[in-house]
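> In this note's numbering, the protein residues as written are 1 to 316.
Structure provided below as structure tokens; questions to follow.
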């Protein structure tokens, strides 16, 4: 009888790690986004802390604070961005399917939000900066909104030196810039709240910032469209890389589980062979016809990568 050669079955786990050219870019990109977003969070918190007494920050409704103040809206966005980037970083670093799954969905939500926000920004913008857009106030009352501020209101119980005034940013810019005009502009908002509308118009801007910013956005629509397209392309690229990493991890997990099931099945076959070999009846010797210890011909076993021995005939 020809001697059977000991053979080794080829391991089916040909890939046990995620492609580093796919995984490392996701880690580095999300780490960079997380650091930048965290820095912006600290800056926004500090800016809000310094401006907490403004009528549109600490003494207005949350909706007004969100849509009027750039730092409040930016804080909400970068805080969400920081959390999403941390999920992507941990998911790619630890190869965690749950984190990557949440990261994928939150990126999708961010893409939809950016698309809707971009459309709303073009159609009905809400953000405003008084100096750049030559405006004053938030609501239809315009510059009279500052009468709600604890430092500027015209109540008789207000001991502030800025009583009945508005901030210098509401003042009209002089035609010529000089030291004298700069000093005059610094105090041009004095007693404006106690003046009539015609007299106040000669000193400060009487248009609210919402209408002013709407006009500005219409003039900058092309630049905003390009910026929105760039942001969406970056989000799509990052989401695609994360999906590829997630797909490779899931594929490796499926093949590993299938490999383990096959190894368990071969272990059961090995146990059945051993049990059958030890329970066989004793053989009779042809010389003295006396029972001799059982000496069955054991099948040839090979070593499996997961240390599971199984008979060669089981897969031949």
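Built from N, CA and C at the ideal position, the CB exists for glycine as well.
By the DSSP assignment, the alpha helix (DSSP H) with residue 34 in it spans what residues?
Counting from 1 along the chain shown, the entry for residue 34 is found at position 34. Unbroken alpha helix (DSSP H) run through residue 34: 20–50.
> Quick one, are the C-beta atoms of residue 85 and residue 33 less than 7 Å apart?
For this step, residue 85 is matched to residue 85 along the chain shown. For this step, residue 33 is matched to residue 33 along the chain shown. Going by C-beta atoms, residue 85 is nearer than 7 Å to residue 33.
> Report the rounded CA-to-CA distance for residue 49 versus residue 43, giving the unit in angstroms.
Looking up residue 49 in the chain shown gives position 49. Looking up residue 43 in the chain shown gives position 43. Cα to Cα, residue 49 sits roughly 10 Å from residue 43.
> Can you find at least 3 beta carbon pairs, one from the segment 240–250 and one from the segment 97–116, that sit closer than 8 Å?
The answer is yes - the segment 97–116 touches the segment 240–250, with three or more Cβ pairs under 8 Å.
> Can we say the segment 104–112 touches the segment 161–173, given the rule of at least three CB pairs closer than 8 Å?
Cβ pair count under 8 Å is below three, so no.
> What is the DSSP secondary structure of residue 171, counted as helix, strand or coil?
On the chain shown, position 171 is the one that residue 171 refers to. Three-state DSSP puts residue 171 in a strand.
> Can you tell me where the alpha helix (DSSP H) holding residue 200 begins and where it ends?
Locating residue 200 in the chain shown gives position 200, counting from the first residue. Taken as a continuous stretch (DSSP letters only), the alpha helix (DSSP H) holding residue 200 covers 197–201.
> Going by alpha carbons, who is nearest to residue 232 out of 115, 24 and 26?
The residue given as residue 232 occupies position 232 in the chain shown. Out of 115, 24 and 26, 115 has the C-alpha closest to the C-alpha of residue 232.
> How many Å lie between residue 230 and residue 29 at the Cα?
On the chain shown, position 230 is the one that residue 230 refers to. On the chain shown, position 29 is the one that residue 29 refers to. Near 16 Å, if we compare the C-alpha coordinates of residue 29 and residue 230.
> How about residue 92 and residue 27: are their beta carbons less than 7 Å apart?
Translated into the one-based positions of the chain shown, residue 92 becomes position 92. Translated into the one-based positions of the chain shown, residue 27 becomes position 27. In contact: residue 92 and residue 27 (Cβ atoms closer than 7 Å).
> Could you compute how far the alpha carbon of residue 166 sits from the alpha carbon of residue 196?
Walking along the chain shown from the start, residue 166 turns up at place 166. Walking along the chain shown from the start, residue 196 turns up at place 196. About 14 Å.
> Under a three-way DSSP split, which group does residue 84 fall into?
On the chain shown, residue 84 is found 84 positions in, with the first residue counted as 1. Residue 84: helix per DSSP, three-state reduction.
> For residue 206, does the count of other Cβ atoms within 10 angstroms reach 16, so buried, or fall short, so exposed?
Taking the chain shown and counting its residues from 1, one reaches residue 206 at position 206. By the 10 Å Cβ count, residue 206 comes out buried.
> Measure the alpha-carbon distance for residue 226 versus residue 35 and round it to whole angstroms.
Your numbering for residue 226 matches position 226 in the chain shown. Your numbering for residue 35 matches position 35 in the chain shown. Near 25 Å, if we compare the C-alpha coordinates of residue 35 and residue 226.
> Taking the alpha-carbon positions, what's the residue 21 to residue 146 distance?
Numbered from its first residue, the chain shown carries residue 21 at position 21. Numbered from its first residue, the chain shown carries residue 146 at position 146. Approximately 56 Å, taken between the alpha carbons.
> Whose C-alpha, out of 155, 188 and 160, is nearest the C-alpha of residue 169?
Here the question's residue 169 lines up with position 169 in the chain shown. Closest by alpha carbon: 188.
> Do residue 31 and residue 83 have their beta-carbon atoms positioned less than 7 Å apart in this structure?
Your numbering for residue 83 matches position 83 in the chain shown. Your numbering for residue 31 matches position 31 in the chain shown. Not closer than 7 Å, so no.
> So, residue 144 versus residue 164, is the Cβ gap smaller than 7 Å?
Reading the chain shown from its first residue, position 144 is the one you call residue 144. Reading the chain shown from its first residue, position 164 is the one you call residue 164. Not a contact, by the Cβ cut-off of 7 Å.
> Excluding five sequence neighbours on each side, which residues of the same chain lie with their C-beta closer than 7 Å to the C-beta of residue 37?
Position 37 of the chain shown holds residue 37. Hits under 7 Å: 78, 81, 82 and 85.
> Would DSSP call residue 116 helix, strand or coil?
As a working note, residue 116 is residue 116 in the chain shown. Residue 116: helix per DSSP, three-state reduction.
> So, is residue 87 buried or exposed, given that buried needs 16 or more other C-beta atoms within 10 angstroms?
For the purposes of this step, residue 87 is taken as the residue at position 87 of the chain shown. Residue 87 is buried by the Cβ-count criterion.
> Per DSSP, which residues does residue 204 bridge with? Please list them.
As a first step, residue 204 must be located in the chain shown, where it is residue number 204. Note: residue 204 sits in a beta bridge opposite 171.
> Just the C-alpha distance for residue 47 and residue 23, rounded to the nearest angstrom, thanks.
By 1-based counting over the chain shown, the position of residue 47 is 47. By 1-based counting over the chain shown, the position of residue 23 is 23. About 36 Å.
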